[in-house]
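For reference, the structure discussed in these notes is given below.
In the working numbering, the protein residues as written are 413 to 569.
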């Protein structure tokens, strides 16, 4: 193999790696998965005020849906790669933000509605709805951050 052929092969590999990174960045958090995940978040958090057997059932169904969508997305994605530490940090930060939103909005719902009475939603349902809406609202920011990390990883490598 002469040096020109080797250089042409390396250039092709770099071009294909860049194309793969662009495809991975494009596929981050597709809208249908975000909507279904937000329903799982809502169900998982809304179950917090249910009595004992339904608390477990609602929590498992909600968080099972959320995790199942994530696993299904990872399995069905046309391009896969192992997440870096920075990407994992973004996912952890997203989780912390959602937990904070839930707890703060639950306190706010308690301040507005007090103890749930007949006809009024429980604080967990209100806080779960707020958290699901916030999740849908901040996904574009998370997507942008993940794209930046993926592209920067490509330039660094």
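Backbone N, C-alpha and C fix where the C-beta goes; we use that ideal spot for every residue, glycine too.
Pull up the CB-CB distance for residue 452 and residue 470, whole angstroms please, since I reckon it's below 8 Å. Actually they do not touch by this definition, with Cβ atoms about 11 Å apart.
For residue 496, name the three-state secondary structure that DSSP assigns. coil
What first and last residue would you give for the alpha helix (DSSP H) that runs through residue 441? Counting along the chain, residue 441 falls outside any alpha helix (DSSP H), and DSSP gives it neither H nor E.
Span of the alpha helix (DSSP H), counted from its first residue to its last, around residue 484: 464-488
Which same chain residues end up closer than 6 Å to residue 439 when comparing Cβ atoms and leaving out the 5 residues on each side of it in sequence? 489
Per DSSP, what kind of secondary structure is residue 561 in: helix, strand or coil? helix
State the Cα-Cα distance for the pair residue 465 and residue 422, rounded to the nearest angstrom. 59 Å
Quick one: Cα of residue 494 to Cα of residue 549, how far? 26 Å
7 Å Cβ shell around residue 455 - same chain, five flanking residues per side excluded: 470, 473, 474 and 477
What number of angstroms, rounded off, separates the C-alpha of residue 569 from the C-alpha of residue 545? Note that residue 569 scores a pLDDT of 49, beneath 50, so its modelled location is shaky; the value from the coordinates is reported in the next line. Answer to the nearest angstrom: the Cα atoms are 37 Å apart.
Comparing C-alpha positions only, which one of 506, 519 and 415 sits nearest to residue 556? 506
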